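Engineer: Please find one structure pasted underneath; my questions will follow.
Structural data, given as structure tokens:
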């Protein structure tokens, strides 16, 4: 274990003994040292053996949970939640805990490299001046409309900088995309909120205050929108009120981790969620004896029961529950919206809420608080906008593409053809921290710091009552020769000169941050106030962000949806196979957790499988097809085919199969590469009403391949399922 | 000894007498002839013997010590053990070898104590089996330890940090019991050997003479020496019987003390003792048959008569074993917890089912079907086969008890099924080869037959004429 | 044996003539201490009419047993006293483990002491010259006795008359 | 023989109390099975990852795992999550069977201790544990550089051949006790949190002094829904589980 420590490591490990660890910022001639503020007022010297805690923000997903990282002698040891941050109130999820296995991952991009040829893993190292020059030339030498930025959903301060940069340059605005937003169908939620709640924005479902939650496909305890916040609220719903225990029903074809926590699981035919919601609305109206609103009038309960596979008396039983509940709440989510009729489903479910009049009430539907520094909620691009972006790339009009914080080759379905579009772009510059697929296909990789080594802020879109800006500061000095992308862009802007230089005349990232944070000095009822920016910046770093003390949830004005007649057209499924396909985001890996060894080792909650992908098939169907556990089957859809090991999963409809998303990388480090399969290969380009991908709208065929691949389960098949098999 | 044609009326008497002559003790030879026969069996070794010995020695070097070092360097991960099967083949080997080893000493001691008329030729082979078997037991225990380079902490020696082993643990009792048995069986081999070494000292030349002169410790055979020696052998013989029972019981308590379904049963003590005896006698019979076939002059010492008597013993013991196995089976079957019953069903229908049924046939069905017949009992070849089958059957039984029963633990989430790994197969065969190697080497240096005991037996057994028939009479001459 | 006369050896094939010879020698005035019967096979003293030999081996055995039990008591009750660690639900000074380890160590003590007893009693290992002839291990019974000076012929004749195979003077020789 | 000073804090007479000192309550009704505790425990206690083949053969090193059993058949199939970790039993079956005092009971903390450097790897303790929550270092599992930077300096890194298990984050208990002692005050209720309790988004894991009747964990343990895993074996576990509602179908 004790490796001979190189001199450079020794310096790092010894931890610079300055009062508070000083950090070199910027990389141009004007670089200067900026002191960091430890989390609580620690003794001013860094004892050996005493750990120092720094507050920062988790960048494993876009929820923006606050973290407090314990460091000792310049090494980050343990990540904990930031108790004061209203998003997670001191708690973290599995991905947040494993973020250190990302920072200290053995396969990180260590230096700026220039790929001799795209796709080849060898690239010759460059120094940062040359790298900045490349970026400067790309910005100055190309015409503004020939420059394109493709960003991930975090961090927001980089997105704001790129927005300012493109505005001052006159280039098209940066496009934001994330696989999580694709599987959560955020555009559909936003559009439905506009149609039903009267305002564009991300709805916030107050699960904590509700005593009857009907969730139509929303996996809000896994990776949906802000998982830690929703898990906290779920716990409040169950045990928050001593004399009332919330009741929770989940409507989905495949029982997800959220489904296992439900009191009742309704195995519904995919695509019929909207119809079922309307049927329940009608039955609730009949149960309450009020007049039947127009929106529910056109629905025939028997026909809905026939299509959806949910018997009439179950529907009446559910309607009874919904009617008698004090604060009933219906949530449209994930799989339900990933159908061709996804938008109508969302509107039908929101109509159900409108009927019980729980808009803007505890246990009802709100619009998420507007984040600080944000004029209005900017949602990430939906698949329609991504298709347009891909077409512009294909048209060859884009000469240089900058990519940061997103891995579209892996995250986007292959049928959209992003890879070929990338080939058409003469120069691709990636700022990836890890050697993922898109970084491998780019000409240059100028690696950004890891999330815990960088500055910044994240505007919290949803999950917290008050308006929250989660702040980030480096908890350790950067481990490799990486530079913050904001610094690189600022330096490039100076080199490029002209309007760009004058618009972005910030010495370094911290000064840029301070220019943004200036606006918050004068905000009313803020968590801490400071007379001027330097004191504010110190508190901002020490508390790990800035947030208001009072809730800012917006009570929706509501459009008279009950008067409208809402027709749910049956969901279209393309593909000749006879099984519905449910791709779901792995609750453990999320969209980018595959390269962290300990995340691969953490078992999937439902199947306890680790380190690989699997396909869940109902045991009855499997027996019919003569398939057994660990048999490898070929799954074919219109768009492609994959091979995966079978897991006979008892809680899934016989006509449905499910595959987790998160594995199947071809690059991205030793723990992720060539492990498992990517269900996105099966998805076609069909969209739903709001421009989101109808990812659950595929029908696939299953064929035996005769091969066998043992799944690494933590459970024992014999102990849990009774068959004497290992 | 084909019976020659005789007049009818006295045929019975003569036939009876010829049968009697079958027994070694009633077919005496002069001591010098016995000595030379034993010496000859020790010294003559063709190239075939040395070829086999070197092959076995090489196999032991590679398959035992080489693979053991590989195991130590790579950790227990290379074996088939996992959660919840923390004890694998090495533990069942330990129980298997301690069974064979114990019966060696037990047979030698018991038959001496009850003064049978067939043990005189076979006590030395049995004592060798005891010593060589306990060496394999020790090895198997060390294979099984996760950090074998720290296992000296099991020894209760005073050290500067005042750390002592925990004697609440059955493993500490085990350590005590196996060490005791190792020392005691060694001494029990040496004591009767001293007179034979004196004989060898007198009859050999060159480097052998010097070797035996040193080993014989100056023994002459004066009355004092014989008196002390025979007193000691009497004490040893009486003490070995309870030791054998206690050490096997302590080994069985490693399993009986654990709160695992299938293990925590009160019948494990006697069950393991009888199991040890069953496999031991079978192994002894197989060894004797092998020695009789391969070594010179052994046909005179190891006779069909010996196999006949041992065969009867095997029949009785296999019934006892079957009884105790049934006892250990019916109690959980009838009143056990659901896990116990599931374990029984797992044995009968799970992946180890063939091994389960083979065990029953080898250990009980075959012995009962064959060993009642005198002709079968007297033929060394058939007895060799039956012995070998019982030894294999008992190994299966130990395999089913240790890794076979660990599949079902109190927590169903962690049940796994044991898969043996090449490392364990290699080390198991390694111990068998090492056992054989020790025998091969011993046959060159130490007599397999104890001439003084044979002569002593022959002197104290004569044929007395009663009426027309010659009847065996035994006098308590020694 | 004695230093003034010489030591004679009479070899016999069978037990009975040997017993007669011992009887005869005793009559001819050879004291029991002066005589020594060495045989390849153990014979009880009464068979050869020899005085009873006292052996201390059982005493050694008893001493060894007590030492073993003392060690067991130290291990089972002394160790928890020296290194007091509480282990799940078990009393600090248990009795049953004492019986188990006690029996083992009693047996160990007894049998090792017995073994040592044989060595001590027979004064093994001793490699100085002794009265011995190789034929003994071939089943002969050898009677060594001191013969006062000049009486050698008389003894020889007596022995041959009783069927001794050979009678000769013998010196202590390396074994 | 130099005179050895007796270890003062170990009083031979003090046996473990039946109810114990440190304890935990896990509310299965709000545990959503999100595995945050599994990841947090591994990061805090330097637990090594073993890779696909060793997990497939049942050699996971997880100190805490979420167990999921099914009840009923499709479509009326239900399940629930039960986090399973070392119960720090009062009468631990794993302690008496260790021949080298590697599995012992701490008289001062009333916890089941696993002494890594004393263990010789007989694995009898793991055999005897009814909950099967002890994990064994079958090999020296690789930890490629620079992952070793993340190692927690307060927790030993274990070698192959050594048994390990959940210790209720004994390093945190010691740190909190030292802090309280240096400020000569009692430990406040809730000040000591193991890594799993601190990370659990649903706050399903409550930890504290179960010998103090008005600590949060004692009050929760007295909840009508409380039960102990395999209580009938008499191992006196220190973890009380609160039965989840969903296993009983409708809300009554």
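Protein chains in written order, with the numbering used here: chain E, 1 to 726; chain P, 1001 to 1478; chain S, 2001 to 2175; chain U, 3001 to 3252.
Glycine residues also receive a C-beta, built at the ideal position from the N, C-alpha and C atoms.
No experiment lies behind these values; they were computed from the predicted model shown.
Does any CB atom of chain S fall closer than 8 Å to the CB of residue 1232 of chain P?
Structural biologist: If you number the second chain from 1, residue 1232 of chain P lands on position 232. Yes, because at least one Cβ of chain S sits closer than 8 Å to the Cβ of residue 1232 of chain P.
Engineer: Once the 5 residues before and after residue 1194 of chain P are set aside, which same chain residues still bring their CB inside 6 Å of it?
Structural biologist: Indexing the second chain from 1 puts residue 1194 of chain P at position 194. Only 1219 meet the Cβ criterion.
Engineer: Have a look at residue 1266 of chain P and residue 1332 of chain P and give me their C-alpha separation to the nearest angstrom.
Structural biologist: Position 266 of the second chain, counted from the start, is the residue given in the question as residue 1266 of chain P. Position 332 of the second chain, counted from the start, is the residue given in the question as residue 1332 of chain P. Distance between the alpha carbons of residue 1266 of chain P and residue 1332 of chain P is about 11 Å.
Engineer: Any beta carbon from chain U within less than 8 Å of residue 2078 of chain S's own beta carbon?
Structural biologist: In the third chain, the residue the question calls residue 2078 of chain S occupies position 78. Answer no: the Cβ-Cβ gap between residue 2078 of chain S and chain U never drops below 8 Å.
Engineer: DSSP beta-bridge partners for residue 113 of chain E?
Structural biologist: Start at 1 with the first residue of the first chain, and residue 113 of chain E comes out as number 113. E:125 and E:445, per the DSSP bridge assignment.
Engineer: For a cutoff of 8 Å on Cβ pairs, would you count residue 1074 of chain P as touching chain U?
Structural biologist: For this step, residue 1074 of chain P is matched to residue 74 along the second chain. Yes, contact with chain U.
Engineer: Going by beta carbon distance, what residues of the same chain come within less than 8 Å of residue 43 of chain E, once the five residues before and after it are set aside?
Structural biologist: Counted from its first residue, the first chain places residue 43 of chain E at position 43. Because residue 43 of chain E carries a pLDDT of 44, less than 50, the predicted location of this residue cannot be relied on, and the following value inherits that uncertainty. Same-chain partners within the cutoff: 50.
Engineer: Taking three-plus beta-carbon pairs below 8 Å as touching, is the region 1385-1403 of chain P in contact with the region 3068-3075 of chain U?
Structural biologist: No, because fewer than three Cβ pairs between the region 1385-1403 of chain P and the region 3068-3075 of chain U fall closer than 8 Å, the two stretches do not touch.
Engineer: Please report the distance separating the alpha-carbon of residue 528 of chain E from that of residue 85 of chain E.
Structural biologist: Counted from its first residue, the first chain places residue 528 of chain E at position 528. Counted from its first residue, the first chain places residue 85 of chain E at position 85. Approximately 13 Å between the Cα atoms of the pair.
Engineer: Can you give me the C-alpha to C-alpha distance between residue 1186 of chain P and residue 1131 of chain P, rounded to a whole angstrom?
Structural biologist: Position 186 of the second chain holds residue 1186 of chain P. Position 131 of the second chain holds residue 1131 of chain P. The straight-line gap from Cα to Cα measures roughly 6 Å.
Engineer: Is there at least one Cβ from chain U nearer than 8 Å to residue 2089 of chain S's Cβ?
Structural biologist: Mapped onto the third chain, residue 2089 of chain S falls at position 89. Chain U contact via Cβ: present.
Engineer: Taking the alpha-carbon positions, what's the residue 2143 of chain S to residue 2049 of chain S distance?
Structural biologist: Here residue 2143 of chain S corresponds to residue number 143 of the third chain, with the count starting at 1. Here residue 2049 of chain S corresponds to residue number 49 of the third chain, with the count starting at 1. Taking the straight line from one Cα to the other gives about 13 Å.
Engineer: Name the DSSP bridge partner or partners of residue 2147 of chain S?
Structural biologist: Position 147 of the third chain, counted from the start, is the residue given in the question as residue 2147 of chain S. S:2006, per the DSSP bridge assignment.
Engineer: State yes or no: is the beta carbon of residue 3059 of chain U nearer than 8 Å to at least one beta carbon in chain P?
Structural biologist: Mapped onto the fourth chain, residue 3059 of chain U falls at position 59. At least one chain P Cβ lies under 8 Å of residue 3059 of chain U.
Engineer: Hey, how far is the Cα of residue 41 of chain E from the Cα of residue 53 of chain E?
Structural biologist: Counting from 1 along the first chain, the entry for residue 41 of chain E is found at position 41. Counting from 1 along the first chain, the entry for residue 53 of chain E is found at position 53. Its pLDDT being 45, under 50, residue 41 of chain E is placed unreliably in this model, and the value from its coordinates should be taken loosely. Distance between the alpha carbons of residue 41 of chain E and residue 53 of chain E is about 10 Å.
Engineer: Please name the residue in U:3234, U:3121 and U:3227 whose C-alpha comes closest to that of residue 3093 of chain U.
Structural biologist: For the purposes of this step, residue 3093 of chain U is taken as the residue at position 93 of the fourth chain. When only C-alpha atoms are compared, the closest one is U:3234.
Engineer: Flag residue 2154 of chain S as yes if its beta-carbon sits less than 8 Å from any beta-carbon of chain P, otherwise no.
Structural biologist: Taking the third chain and counting its residues from 1, the one referred to as residue 2154 of chain S is at position 154. Not an interface residue.
Engineer: Should residue 512 of chain E and residue 490 of chain E be called a contact, given that it needs their Cβ atoms to be closer than 8 Å?
Structural biologist: Against the first chain, residue 512 of chain E aligns to sequence position 512. Against the first chain, residue 490 of chain E aligns to sequence position 490. Contact flag set, yes.
Engineer: Given residue 1369 of chain P, which residues of its chain have a CB within under 6 Å of its CB, disregarding the five upstream and five downstream residues?
Structural biologist: Here the question's residue 1369 of chain P lines up with position 369 in the second chain. Around residue 1369 of chain P: no qualifying Cβ.
Engineer: Within 8 Å of any Cβ in chain S, is that where the Cβ of residue 3124 of chain U sits?
Structural biologist: By one-based count along the fourth chain, residue 3124 of chain U stands at place 124. For residue 3124 of chain U, the answer is no, since every Cβ of chain S falls outside 8 Å of its Cβ.
Engineer: What do you reckon, are the CB atoms on residue 148 of chain E and residue 398 of chain E nearer than 8 Å?
Structural biologist: Walking along the first chain from the start, residue 148 of chain E turns up at place 148. Walking along the first chain from the start, residue 398 of chain E turns up at place 398. Yes, these two residues count as a Cβ contact at 8 Å.
Engineer: Roughly how many whole angstroms lie between the Cα atoms of residue 1207 of chain P and residue 1100 of chain P?
Structural biologist: Locating residue 1207 of chain P in the second chain gives position 207, counting from the first residue. Locating residue 1100 of chain P in the second chain gives position 100, counting from the first residue. Cα to Cα, the separation comes out at about 34 Å.
Engineer: Closest Cβ-Cβ distance between residue 1415 of chain P and chain E: below 8 Å?
Structural biologist: Working through the second chain from its first residue, we reach residue 1415 of chain P at position 415. So yes, residue 1415 of chain P belongs to the interface.
Engineer: If the cut-off is 8 Å on Cβ atoms, which residues from the region 2099-2122 of chain S count as contacting chain A, listed in chain order?
Structural biologist: Chain labels in this structure do not include chain A; the protein chains are E, P, S and U.
Engineer: Is it buried or exposed, residue 1120 of chain P, if we count other Cβ atoms within 10 angstroms and call 16 or more buried?
Structural biologist: Position 120 of the second chain holds residue 1120 of chain P. Result: buried.
Engineer: Any idea if residue 1348 of chain P is buried or exposed, counting beta-carbon neighbours within 10 angstroms, 16 or more meaning buried?
Structural biologist: Reading the second chain from its first residue, position 348 is the one you call residue 1348 of chain P. Burial call: exposed.
Engineer: Assign residue 2065 of chain S to buried or exposed, taking buried as 16 or more other Cβ atoms, counted over all protein chains shown, within 10 Å of its Cβ.
Structural biologist: The count along the third chain starts at 1 and reaches residue 2065 of chain S at position 65. Buried, by the Cβ-count rule.
Engineer: DSSP state of residue 296 of chain E, grouped into three classes?
Structural biologist: Indexing the first chain from 1 puts residue 296 of chain E at position 296. DSSP places residue 296 of chain E in helix when its eight states are reduced to three.
Engineer: Any contact of the region 88-99 of chain E with the region 3193-3208 of chain U, i.e. 3+ C-beta pairs under 8 Å?
Structural biologist: A contact exists between the region 88-99 of chain E and the region 3193-3208 of chain U.
Engineer: Can you check which of these residues, E:607, E:681 and E:569, is closest to residue 255 of chain E by C-alpha distance?
Structural biologist: What you label residue 255 of chain E is simply residue 255 of the first chain in a count that begins at 1. It is E:607.
Engineer: Buried or exposed, going by whether 16 or more other CB atoms sit within 10 Å of the CB of residue 409 of chain E?
Structural biologist: As a working note, residue 409 of chain E is residue 409 in the first chain. Answer is buried; the Cβ neighbour count reaches 16.
Engineer: Listing by chain order, which chain U residues have their CB less than 7 Å from the CB of residue 1182 of chain P?
Structural biologist: As a first step, residue 1182 of chain P is located in the second chain; it is residue number 182 there, counting from the start. The premise fails here: residue 1182 of chain P is roughly 17 Å from chain U at the closest Cβ pair, so nothing lies under 7 Å.
Engineer: Give me the Cα-Cα distance between residue 1358 of chain P and residue 335 of chain E, rounded to the nearest whole angstrom.
Structural biologist: Within the second chain, residue 1358 of chain P is the residue found at index 358, counting from 1. Within the first chain, residue 335 of chain E is the residue found at index 335, counting from 1. Their backbone Cα atoms lie some 55 Å apart in a straight line.
Engineer: In chain order, what residues of the same chain have a beta carbon less than 7 Å from the beta carbon of residue 720 of chain E, not counting five sequence neighbours either side?
Structural biologist: To locate residue 720 of chain E, count along the first chain from 1; it is residue 720. Excluding sequence neighbours, residue 720 of chain E sits near nothing in its chain.
Engineer: Buried or exposed, going by whether 16 or more other CB atoms sit within 10 Å of the CB of residue 671 of chain E?
Structural biologist: To locate residue 671 of chain E, count along the first chain from 1; it is residue 671. By the 10 Å Cβ count, residue 671 of chain E comes out buried.
Engineer: Pull out every residue of the region 3088-3114 of chain U whose Cβ sits closer than 8 Å to any Cβ of chain S, in chain order.
Structural biologist: From the region 3088-3114 of chain U, only 3089, 3090, 3091, 3092, 3093, 3094, 3095, 3096, 3098, 3101, 3103, 3104, 3105, 3107 and 3112 have a Cβ closer than 8 Å to chain S.
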